[in-house]
Amino acid sequence: AEVVVDASSDEIWFKQMWLSNRDFLNYFEAAIDLTVPTTDNNKDDENASVHRHVQKGFVLLNAMSRNHNAKWNLEKTEQWLGVVSKDDSLAEDHQNS
Numbered sequence: 086a087e088v089v090v091d092a093s094s095d096e097i098w099f100k101q102m103w104l105s106n107r108d109f110l111n112y113f114e115a116a117i118d119l120t121v122p123t124t125d126n127n128k129d130d131e132n133a134s135v136h137r138h139v140q141k142g143f144v145l146l147n148a149m150s151r152n153h154n155a156k157w158n159l160e161k162t163e164q165w166l167g168v169v170s171k172d173d174s175l176a177e178d179h180q181n182s
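For the sequence shown, this note's numbering begins at 86 and goes up steadily by one.
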């Protein structure tokens, strides 16, 4: 999709962290089934120390759509949940919705 960048800097910043309904549902469904380890015994597991709360049985992750020029990294979210977001708030097909 063609990217449209003709908005104010605030509007662009908010659009860069937008989360579509479709991406939200994909993340949410994956999170429901997520099993988070309660110990850090497996030092070889890259996800074992993604966040200090993993040892307490939960993990905090950022979820948003794959927005053009977003400033936030979703790599750990994708690793943990196995979900890659698909939508882009700055794509033309989302400008009128």
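Just so you know, even glycine gets a beta-carbon here, dropped at the ideal spot from N, CA and C. Predicted model, so just to flag it, every value in this text is computed and none were measured.
Query - alanine 155 versus aspartate 173: straight-line alpha-carbon distance, rounded - result: Their backbone Cα atoms lie some 10 Å apart in a straight line.
Requested in this report: Hey, could you find the ends of the alpha helix (DSSP H) phenylalanine 113 is sitting in?
Outcome: Phenylalanine 113: member of the alpha helix (DSSP H) spanning 106–117, first to last residue.
Requested in this report: Please look up how many angstroms separate the CB atoms of valine 169 and tyrosine 112, rounded, as I've assumed it's under 8 Å.
Outcome: Rounded, the Cβ-Cβ distance is 10 Å, inconsistent with contact.
**Report entry** Beta-carbon spacing of aspartate 118, alanine 148 below 9 Å
**Finding:** No, the pair does not count as a contact, with Cβ atoms beyond the cut-off.
Query raised in the report: Along the chain, where does the alpha helix (DSSP H) that runs through phenylalanine 99 open and close?
Result: Secondary structure note for phenylalanine 99: its alpha helix (DSSP H) is the uninterrupted segment 94–101.
Query raised in the report: Whose C-alpha, out of Asn152, Lys161 and Leu166, is nearest the C-alpha of serine 105?
Result: With distances taken between CA atoms, serine 105 lies nearest to Asn152 out of Asn152, Lys161 and Leu166.
Requested in this report: Following the continuous alpha helix (DSSP H) through tryptophan 165, name the residue where it begins and the one where it ends.
Outcome: Its alpha helix (DSSP H) spans residues 160–166.
Query raised in the report: What is the DSSP secondary structure of lysine 156, counted as helix, strand or coil?
Result: Coil, per DSSP.
Query raised in the report: Out of curiosity, what's the CA-to-CA distance linking valine 121 and serine 150?
Result: Answer to the nearest angstrom: the Cα atoms are 23 Å apart.
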